[in-house]
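For the sequence shown, the residue numbers in full-length UniProt numbering are 1 to 231.
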Amino acid sequence: MWIGGCSLCCFLKSTIISFVLLTLKILELLVQRDREFQELMRVAQEQGKVHQEMQVLEKEVEKRDCDIQQLQKQLKEAEHILATAVYQAKEKLKSIDKARKGSISSEEIIKYAHRISASNAVCAPLNWVPGDPRRPYPTDLEMRSGMLGHMSNLPTNGVNGHLPGDALAAGRLPDVLTPQYPWQSSDVSVGMLPPHHGNDFGLEPPGHNKENEDDVEAMSTDSSSSSSDSD
1 MWIGGCSLCC FLKSTIISFV LLTLKILELL VQRDREFQEL MRVAQEQGKV HQEMQVLEKE
61 VEKRDCDIQQ LQKQLKEAEH ILATAVYQAK EKLKSIDKAR KGSISSEEII KYAHRISASN
121 AVCAPLNWVP GDPRRPYPTD LEMRSGMLGH MSNLPTNGVN GHLPGDALAA GRLPDVLTPQ
181 YPWQSSDVSV GMLPPHHGND FGLEPPGHNK ENEDDVEAMS TDSSSSSSDS D
């Protein structure tokens with residue numbers, strides 16, 4: 001019996017020792033897991049901080065993206081303005097080249113102006129009559145016969161755009177064409193038909209007579225000499 005009791009006591013002791021060892025092992029495992037958990041918590045906190053930094057950076061990226069889009073829009077506008085300016089500059093250069101290739105000297109312009117003014121191409125002479133080749137439109141007679149003349153109640157009695165036969169035969173102007181203004185010369189009222197006036201009104205171009213050409217040459221020579229003196 002004692003032997004059996006001794007064996008039971010040994011069994012209990014060994015069981016207790018095994019339980020204690022198991023408990024210690026479990027505690028060691030718990031401590032180890034706690035350490036791992038603490039390490040994971042520390043990593044989680046670091047990742048939380050990193051996440052916050054990432055959110056801040058994302059907001060900064062969005063802000064920078066808006067700035068970049070605004071700059072891109074401004075650059076597109078500037079590109080459009082520059083393209084327009086370049087196109088206009090090219091067109092102006094083409095116009096300048098065209099003007100240089102087709103340039104006309106001032107002497108030719110002055111000669112042309114003198115020729116026009118000498119040939120009564122811009123205003124009617126005061127002693128103009130129907131059939132005169134120096135006739136530019138409108139004449140005083142046509143102004144009187146037009147709408148403005150009727151509005152101003154100007155006299156147009158007996159006038160049909162032709163001189164009466166008696167007046168033509170006498171070589172004078174009819175009464176309706178005699179000057180009625182103080183600025184008109186007195187010799188016009190006497191009646192000055194063109195020297196080449198005849199029954200068939202032989203028309204000669206006014207710009208090719210010798211006197212006009214001499215005047216043009218003299219005036220152009222004076223203008224050339226004055227321009228050379230100024231240089």
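No residue lacks a Cβ here, since even glycine has one placed at the ideal position from N, Cα and C.
Counting along the chain, the unbroken alpha helix (DSSP H) around Gly149 starts and ends at 147-151. DSSP, read as helix, strand or coil, puts Ile17 in helix. Burial state of Val129 is buried, judged by a 10 Å Cβ sphere holding 16 or more other Cβ atoms. In the three-state scheme derived from DSSP, where H, G and I count as helix and E and B as strand, Gly48 is classed as helix.
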